[in-house]
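Notes follow the structure.
There are 2 protein chains.
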Amino acid sequence: MSVSHDQAASHTVSYPTLVNLLEGIFLRHGTRPEVATVLANNCAGAERDGAHSHGVFRIPGYVSTLKSGWVNGQAVPVVEDVASGFVRVDAQNGFAQPALAAGRALLVEKARSAGIAVMAIRNSHHFAALWPDVEPFAYEGLVALSVVNSMTCVVPHGADRPLFGTNPIAFAAPRADDEPIVFDLATSAIAHGDVQIAARKGERLPPGMGVDSLGQPTTDPKAILEGGALLPFGGHKGSALSMMVELLAAALTGGNFSFEFDWSNHPGAKTPWTGQLLIVIDPSKAAGQNFAQRSQELVRQMHAVGLHRLPGDRRHRERRKAESAGIVLDDETLVQLRSLAEG
Amino acid sequence: MSVSHDQAASHTVSYPTLVNLLEGIFLRHGTRPEVATVLANNCAGAERDGAHSHGVFRIPGYVSTLKSGWVNGQAVPVVEDVASGFVRVDAQNGFAQPALAAGRALLVEKARSAGIAVMAIRNSHHFAALWPDVEPFAYEGLVALSVVNSMTCVVPHGADRPLFGTNPIAFAAPRADDEPIVFDLATSAIAHGDVQIAARKGERLPPGMGVDSLGQPTTDPKAILEGGALLPFGGHKGSALSMMVELLAAALTGGNFSFEFDWSNHPGAKTPWTGQLLIVIDPSKAAGQNFAQRSQELVRQMHAVGLHRLPGDRRHRERRKAESAGIVLDDETLVQLRSLAEG
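Protein chains in written order, with the working numbering: chain D, 1 to 343; chain L, 1 to 343.
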């Protein structure tokens with residue numbers, strides 16, 4: 001860990017150092033060691049990849065949630081082998097990522113054998129980015145799709161009041177001789193974390209992102225956070241996709257819809273108590289040329305029509321940068337993290 | 001069949017009558033009887049449901065394509081049982097709907113047994129709406145998702161020139177005591193058929209739908225059709241989803257990407273020669289309450305926040321209307337269809 005010269009108030013830390021620091025915070029606030037390891041790697045990975053809205057920015061939220069008793073940091077997920085292509089996981093009111101980790105090997109085995117498999121996680125809390133859940137499958141040569149619902153903060157297109165969560169969709173696919181193709185998109189016009197960051201920085205949002213507490217369009221992130229709501233991306237189409245996410249992540253898993261949980265007795269609770277669905281496909285079962293060669297061909301043609309940046313490119317670039325130069329954290333953040341690990 | 005009184009130039013026909021007329025057209029232009037039946041029901045169903053851009057409006061395109069020799073109306077799809085959750089179908093350069101029909105029973109059997117199953121159709125031509133492919137699964141209590149790629153006409157977000165097809169995503173889910181939840185959305189800002197209809201009517205489009213042959217924004221549907229292109233819906237997010245459709249419908253099936261086929265030697269060819277993917281999930285494998293009860297609960301809550309029209313509602317209303325009062329066709333259209341059935 002070293003103070004960088006050009007920016008006296010920032011530090012660079014290595015990825016293992018950051019993981020270690022975050023593990024300490026999770027352990028200190030009551031998670032099992034396995035849960036601490038999974039969440040610390042997830043959060044440090046987002047920070048390393050420049051996905052700041054899901055990086056260490058989330059740590060105070062994790063801590064206040066754990067302190068509130070809303071989520072069970074000790075939960076041991078229960079994995080059920082339901083059918084040749086269907087895995088169910090009850091996260092037991094714990095985090096979604098350890099639930100995925102607990103059933104992941106079975107899911108991969110089923111996908112390779114059946115050609116496709118689904119994992120339905122319920123009774124789970126997802127407070128992170130979704131791409132870290134799908135990207136590793138692509139490194140194993142598999143195609144993965146995941147959806148997770150969250151908490152009421154999005155007004156369905158044509159409705160008056162919020163109902164849906166930000167309900168992201170993430171996708172990952174292998175690519176020959178290169179990083180996988182990965183995207184993770186909120187079906188809201190903007191991710192909730194980005195609204196929080198804009199509010200903290202005192203910035204305005206572009207129009208079309210949200211409404212205030214009276215349902216009127218606003219560009220003020222604070223007005224959205226304080227009684228307002230987000231809009232879906234892309235009008236009725238994004239809204240339809242958000243509805244689909246509710247059905248897949250909640251109705252199909254046995255989890256809560258985004259509007260169903262009540263955390264009012266748990267002040268400090270920040271994590272939505274819902275469900276998550278993952279679909280994994282083995283492209284080696286497909287006809288024709290090798291899938292990874294085909295996806296590489298698609299990317300080549302995307303570049304040929306003038307598309308210079310693909311989804312995921314920035315993250316992979318930031319990752320390589322961090323791997324050689326370390327992860328930059330400002331002084332205030334580092335002090336805060338250290339105090340959370342100790343106090 | 002009767003001339004309606006209030007509108008002298010229009011006729012009402014029953015669904016079976018329209019199917020019969022369209023079957024005659026397909027048979028007359030060289031399809032097998034099974035193919036004629038599948039396509040006639042598909043097209044008449046779209047017309048009956050008020051989905052005019054995929055109704056009888058499409059018939060001249062089917063006819064000119066069949067005449068051009070681009071698609072094989074006699075093709076017999078080859079179904080392969082690849083794994084416990086994976087069905088492959090080679091449409092043999094025929095239409096996609098008969099290929100789906102040929103493997104459908106196996107797909108349903110696998111979905112019920114494995115909990116999830118995928119059908120990968122390649123070497124196929126899809127010229128219809130996508131919702132008729134998924135809706136029947138929901139009536140059988142299954143959840144279905146399908147994607148199909150088409151032909152280069154959409155500029156990826158951030159690119160200069162078109163590459164993707166209109167690449168729709170369709171979804172269907174059962175709902176207790178009511179019609180299923182069904183949507184079908186082009187990942188382009190507007191469906192190609194709707195641009196054609198606007199051009200024929202001489203109407204302008206809303207801004208943000210497309211560009212002209214120089215890549216400049218335009219609201220003129222003719223400028224889009226004559227060397228211009230469409231934009232994806234919802235900016236970079238819709239564009240990412242369109243890319244995903246290329247990967248799932250082409251790379252994962254062994255079919256062509258939207259930019260790969262060359263029909264220049266087949267004047268009159270209109271049908272994209274690509275692939276289609278269907279994913280079917282059996283919600284009875286999920287934990288918790290009955291899925292159809294849960295999806296009904298979601299709809300109830302959507303109504304409670306002021307959403308009065310759900311995706312699919314209009315189609316189901318039009319269907320009921322047509323079932324009692326018949327399907328209205330204008331005189332010119334009926335004359336044209338009859339002449340195609342005879343000549």
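Every residue gets a Cβ at the ideal spot worked out from N, C-alpha and C, and that includes glycine.
Beta carbon of residue i nearer than 9 angstroms to that of residue j
| i | j | result |
| --- | --- | --- |
| Phe127 (chain D) | Arg58 (chain D) | yes |
| Gly365 (chain D) | Asn41 (chain D) | Outside the shown range of chain D (1 to 343) lies residue 365 (chain D), about which nothing can therefore be said. |
| Ala75 (chain D) | Arg32 (chain D) | yes |
| Ser52 (chain D) | Ala46 (chain D) | Before going further, note that residue 52 (chain D) is His rather than Ser in the sequence given. Yes, the Cβ-Cβ distance between His52 (chain D) and Ala46 (chain D) is below 9 angstroms. |
| Val71 (chain L) | Thr271 (chain L) | yes |
| Gly69 (chain D) | Phe95 (chain D) | no |
| Leu22 (chain D) | Ala36 (chain D) | yes |
| Phe86 (chain D) | Val56 (chain D) | no |
| Ile181 (chain L) | Leu310 (chain L) | yes |
| Ala129 (chain D) | Ala286 (chain L) | no |
| Val155 (chain D) | Pro168 (chain D) | no |
| Ala83 (chain L) | Gly288 (chain D) | no |
| His236 (chain L) | His157 (chain L) | yes |
| Ala101 (chain D) | Val19 (chain D) | no |
| Ala269 (chain D) | Ser64 (chain D) | yes |
| Gly238 (chain L) | Thr187 (chain L) | yes |
| Pro217 (chain L) | Ala199 (chain L) | no |
| Asp178 (chain L) | Gln336 (chain L) | no |
| Phe365 (chain L) | Pro232 (chain L) | With chain L running from 1 to 343 in the structure shown, residue 365 (chain L) is simply not present. |
| Val79 (chain D) | Leu106 (chain D) | yes |
| Glu234 (chain L) | Gly215 (chain D) | Looking at the sequence itself, residue 234 (chain L) is Gly, so the reference to Glu does not match. It is not a contact, given that the beta carbons lie outside the stated cut-off. |
| Thr12 (chain D) | Ile327 (chain D) | yes |
| Phe259 (chain L) | Trp273 (chain L) | no |
| Leu248 (chain L) | Leu298 (chain D) | no |
| Ala251 (chain L) | Pro16 (chain D) | no |
| Trp131 (chain L) | Arg315 (chain L) | yes |
| Ile279 (chain D) | Ile279 (chain L) | yes |
| Val305 (chain L) | Asp212 (chain D) | no |
Buried or exposed by the 16-neighbour rule on C-beta atoms within 10 Å, applied to residue i
| i | result |
| --- | --- |
| Asn149 (chain L) | buried |
| Gln97 (chain L) | buried |
| Ser2 (chain D) | At Ser2 (chain D) the pLDDT is 46, less than 50, meaning the model places this residue with poor confidence and gives no usable figure here. |
| Tyr62 (chain L) | buried |
| Ser339 (chain L) | exposed |
| His303 (chain L) | exposed |
| Asn265 (chain D) | exposed |
| Arg104 (chain L) | buried |
| Ala99 (chain L) | buried |
| Gly312 (chain L) | buried |
| His5 (chain L) | Residue confidence for His5 (chain L) is low, a pLDDT of 46 falling below 50, so the modelled location carries little weight; the figure read from the coordinates is stated next. Answer is exposed; the Cβ neighbour count stays below 16. |
| Asp331 (chain D) | exposed |
| Glu342 (chain L) | exposed |
| Gln301 (chain D) | buried |
| Arg204 (chain D) | exposed |
| Leu329 (chain D) | buried |
| Pro77 (chain D) | buried |
| Gly210 (chain L) | buried |
Return the chain-ordered ranges of every beta strand (DSSP E) run that is complete within the region 116 to 161 of chain L and spans a minimum of 3 residues.
116 to 125 and 143 to 148
Identify each residue in the region 72 to 103 of chain D for which the Cβ-Cβ distance to at least one residue of chain L is less than 9 angstroms, and report them in chain order.
Glu80, Val82, Ala83, Ser84, Gly85, Phe86, Val87, Arg88 and Asp90
Alpha helix (DSSP H) segments (min. 4 residues) lying fully within the region 5 to 59 of chain D:
15 to 28 and 33 to 48
Residues, ordered as in the chain, of the region 233 to 246 of chain D that lie near chain L by beta-carbon distance below 9 angstroms:
Phe233, Gly234, Gly235, His236, Lys237, Gly238, Ser239, Ala240, Leu241, Met243, Met244 and Glu246
Contact the region 136 to 150 of chain L vs the region 166 to 173 of chain L: 3+ CB pairs below 8 angstroms
yes
Members of the region 113 to 125 of chain L near chain D, C-beta cut-off 8 angstroms
Ser113, Ala114, Gly115, Ile116, Ala117, Val118, Ala120 and Arg122
Three or more C-beta pairs under 8 angstroms: does that hold for the region 242 to 251 of chain L against the region 221 to 229 of chain L?
no
For the region 316 to 332 of chain L, which residues have a CB atom closer than 9 angstroms to at least one CB atom of chain D, in sequence order?
none
Using a Cβ-Cβ cut-off of less than 7 angstroms, give me the residues of the region 272 to 286 of chain L that come near chain D, in sequence order.
Ile279, Ile281, Pro283, Lys285 and Ala286
Would you list, in chain order, the members of the region 214 to 226 of chain D that have their beta-carbon closer than 8 angstroms to a beta-carbon of chain L?
none
Enumerate, from N- to C-terminal direction, the unbroken alpha helix (DSSP H) stretches of 4 or more residues contained entirely within the region 288 to 337 of chain D.
291 to 304 and 313 to 325
Against chain D, which members of the region 183 to 201 of chain L pass a CB distance test of less than 7 angstroms?
Phe183 and Leu185
What are the residues in the region 127 to 143 of chain L lying within 8 angstroms of chain D by C-beta distance?
Val143
Ignoring anything shorter than 3 residues or poking outside the region 161 to 213 of chain D, list the beta strand (DSSP E) runs there in chain order.
169 to 173 and 181 to 185
Beta strand (DSSP E) segments (min. 3 residues) lying fully within the region 249 to 287 of chain L
273 to 281
Scan the region 150 to 161 of chain D for residues whose Cβ lies nearer than 7 angstroms to a Cβ of chain L and list them as they occur along the chain.
Pro156, Gly158, Ala159, Asp160 and Arg161
Of the residues that make up the region 294 to 306 of chain D, which ones have a beta carbon closer than 7 angstroms to any beta carbon in chain L?
Arg294, Ser295, Leu298, Gln301, Met302, Val305 and Gly306
In chain order, what are the residue ranges of uninterrupted beta strand (DSSP E) at least 3 long that sit wholly in the region 79 to 105 of chain D?
86 to 95
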